[in-house]
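J.: In terms of full-length UniProt numbering, the sequence shown opens at residue 1 and continues consecutively.
Every residue, glycine too, gets a C-beta built ideally from N, C-alpha and C.
Quick caveat: nothing in here was measured; it's all calculated off a predicted structure.
What follows is a single structure, and I will ask about it in a moment.
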Amino acid sequence: MHEGRVQDASEAAFHFIMHIAICSCPKDRSLDHSQRRLCSSLLFDLNVDMSITYRQYAGEEDMQAIMTLVQFELSEPYVVYTYRYFLDSWPQLSILAVSPESTDPIGVIICKQSVHRENRNRGYIAMLSVDKRYRRRGIASSLVQRAIEVMVRDGADEVVLETEFDNLAAIALYEYLGFIREKRLHRFYLNGKDAFRLVLSVSPTQRQPSDLGAAPAAGSTSMMLPGERMYM
Numbered sequence: 001m002h003e004g005r006v007q008d009a010s011e012a013a014f015h016f017i018m019h020i021a022i023c024s025c026p027k028d029r030s031l032d033h034s035q036r037r038l039c040s041s042l043l044f045d046l047n048v049d050m051s052i053t054y055r056q057y058a059g060e061e062d063m064q065a066i067m068t069l070v071q072f073e074l075s076e077p078y079v080v081y082t083y084r085y086f087l088d089s090w091p092q093l094s095i096l097a098v099s100p101e102s103t104d105p106i107g108v109i110i111c112k113q114s115v116h117r118e119n120r121n122r123g124y125i126a127m128l129s130v131d132k133r134y135r136r137r138g139i140a141s142s143l144v145q146r147a148i149e150v151m152v153r154d155g156a157d158e159v160v161l162e163t164e165f166d167n168l169a170a171i172a173l174y175e176y177l178g179f180i181r182e183k184r185l186h187r188f189y190l191n192g193k194d195a196f197r198l199v200l201s202v203s204p205t206q207r208q209p210s211d212l213g214a215a216p217a218a219g220s221t222s223m224m225l226p227g228e229r230m231y232m
């Protein structure tokens, strides 16, 4: 099939599935867990771009490209000091997606990891952004998986994030990867929108170095999650 037709088919399937997800939900757009996982599994198995490679943040030379990508794609504004806080403190938790079609990164995830209340080792996903031209290729899921693998390898008990309550695509992605909605945070963002806090609990067996010691191969998007193996 012609590449353009494949992309058109993927786009049509994406919008069809999102339409089903929205129309099937009550007013708060919530599905039960099994329904959400079914919709999400259909959504994120549409297309995976095996030409995309992934690398760790390399230093100051990556800063401007990351800032540009995040500012264009995310609604929440960040000052340069916010980027430096994360990138300088946890460079191993900042991962970039690179395409042979572009000289600049086309996706990035920025995270932190620290001891939280009750001595829980908590990973936190602060920013996730993919260039609109490269979406629905499995890039976001691969970035999240790779970051989680590093955090789990470094002893994380849980991984936490916030996302806008009406960002159905992001919520579907994270629930596909095993995250659970913990709470709704009212007027969490500067634009006045509510957020959902999502949490991924990590079992002790997931922190074994033999399972997570090596980073995924370029193009690979698989990772072990609590109780199951997921492929995207």
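What does the alpha-carbon distance come out to for the pair Pro91 and Arg187?
T.: Within the sequence shown, numbered from 1, the residue matching residue 91 stands at position 91. Within the sequence shown, numbered from 1, the residue matching residue 187 stands at position 187. Answer to the nearest angstrom: the Cα atoms are 30 Å apart.
J.: For a test of the three-state rule: what should DSSP assign to Ala21, helix, strand or coil?
T.: Here residue 21 corresponds to residue number 21 of the sequence shown, with the count starting at 1. Confidence in Ala21 is poor, its pLDDT being 42 and thus under 50, which makes the residue's placement too unreliable to answer from.
J.: I need the boundaries of the alpha helix (DSSP H) containing Tyr176, first residue and last residue.
T.: Here residue 176 refers to the residue found at position 176 of the sequence shown. Unbroken alpha helix (DSSP H) run through Tyr176: 168-176.
J.: What ranges does the alpha helix (DSSP H) occupy inside the stretch 109-172, keeping only unbroken runs of at least 4 residues that lie completely in it?
T.: List check, alpha helix (DSSP H) in window: 139-153.
J.: Give a yes or no on whether the C-beta atoms belonging to Ala169 and Asn121 are separated by under 7 Å.
T.: Residue mapping note: residue 169 aligns to position 169 of the sequence shown, counting from 1. Residue mapping note: residue 121 aligns to position 121 of the sequence shown, counting from 1. Not in contact: Ala169 and Asn121 (Cβ atoms no closer than 7 Å).
J.: Could you tell me the alpha carbon to alpha carbon distance between Cys23 and Glu61, rounded to whole angstroms?
T.: The count along the sequence shown starts at 1 and reaches residue 23 at position 23. The count along the sequence shown starts at 1 and reaches residue 61 at position 61. Per-residue confidence for Cys23 stands at a pLDDT of 40, beneath the threshold of 50, marking its modelled position as unreliable; no derived number is given.
J.: Rounded to the nearest angstrom, how far is the Cβ of Val202 from that of Glu158, given a contact under 8 Å?
T.: Counting from one through the sequence shown, the residue named residue 202 turns up at place 202. Counting from one through the sequence shown, the residue named residue 158 turns up at place 158. Their Cβ separation, rounded to whole angstroms, is 6 Å, which keeps Val202 and Glu158 in contact under 8 Å.
J.: Would Glu144 and Leu96 be called neighbours here (beta carbons separated by less than 7 Å)?
T.: Position 144 of the sequence shown, counted from the first residue, corresponds to residue 144. Position 96 of the sequence shown, counted from the first residue, corresponds to residue 96. Strictly speaking, residue 144 in this sequence is Val, with Glu absent from that position. No, the Cβ-Cβ distance between Val144 and Leu96 is not below 7 Å.
J.: Can you have a look at residue 272 and say buried or exposed, based on whether 16 or more other CB atoms are within 10 angstroms of its CB?
T.: Since the first residue shown for the chain is 1 and the last is 232, residue 272 is missing from the structure and cannot be characterised.
J.: Can you tell me which of the three DSSP states Tyr54 falls into?
T.: Indexing the sequence shown from 1 puts residue 54 at position 54. Reduced to three states, the DSSP call for Tyr54 is strand.
J.: Under the rule that 16 or more other beta-carbon atoms within 10 Å means buried, what is Val79, buried or exposed?
T.: As a first step, residue 79 is located in the sequence shown; it is residue number 79 there, counting from the start. With fewer than 16 Cβ atoms within 10 Å of its Cβ, Val79 is classed as exposed.
J.: Do Val199 and Glu175 count as a contact pair if the criterion is CB distance below 7 Å?
T.: Position 175 of the sequence shown, counting from 1, holds the residue named residue 175. Position 199 of the sequence shown, counting from 1, holds the residue named residue 199. No, they are not a contact pair.
J.: So, using beta-carbon positions, are Ile110 and Met127 closer together than 7 Å?
T.: Mapped onto the sequence shown, residue 110 falls at position 110. Mapped onto the sequence shown, residue 127 falls at position 127. Yes. Within cutoff.
J.: Do the CB positions of Tyr57 and Ser94 come within less than 7 Å of each other?
T.: Mapped onto the sequence shown, residue 57 falls at position 57. Mapped onto the sequence shown, residue 94 falls at position 94. Contact: yes.
J.: What are the residues that DSSP puts in a beta bridge with Arg197?
T.: Residue numbering aside, residue 197 sits at position 197 when the sequence shown is read from its first letter. Partner(s): Glu162, Lys183.
J.: Please state whether DSSP places Ser89 in a helix, a strand or coil.
T.: Indexing the sequence shown from 1 puts residue 89 at position 89. Looking at Ser89 - three-state DSSP - the assignment turns out to be helix.
J.: Where does the unbroken beta strand (DSSP E) through Ile95 begin, and where does it stop?
T.: Against the sequence shown, residue 95 aligns to sequence position 95. Taken as a continuous stretch (DSSP letters only), the beta strand (DSSP E) holding Ile95 covers 94-98.
J.: Tell me which residues share the same chain as Glu164 and place their Cβ nearer than 7 Å to its Cβ, disregarding the 5 neighbours each side in the sequence.
T.: Within the sequence shown, the letter at position 164 stands for residue 164. Hits under 7 Å: Tyr189, Lys193, Ala195.
J.: Candidates Arg153, Leu185, Asp154: which alpha carbon is nearest Leu161's?
T.: On the sequence shown, residue 161 is found 161 positions in, with the first residue counted as 1. Nearest C-alpha to Leu161: Leu185.
J.: Can you find a C-beta in chain B that's less than 7 Å from the C-beta of Gln71?
T.: Absent here is chain B; the protein component of the structure consists of one chain.
J.: Based on the DSSP output, what are the partners of Gly107 in its beta bridges?
T.: Along the sequence shown, one-based indexing puts residue 107 at 107. In the DSSP output, where bridge partners are listed per residue, Gly107 has Ala97, Val130.
J.: Once the 5 residues before and after Tyr134 are set aside, which same chain residues still bring their CB inside 6 Å of it?
T.: In the sequence shown, residue 134 corresponds to position 134, counting from 1. Cβ neighbours of Tyr134 beyond the five flanking positions: Ile106.
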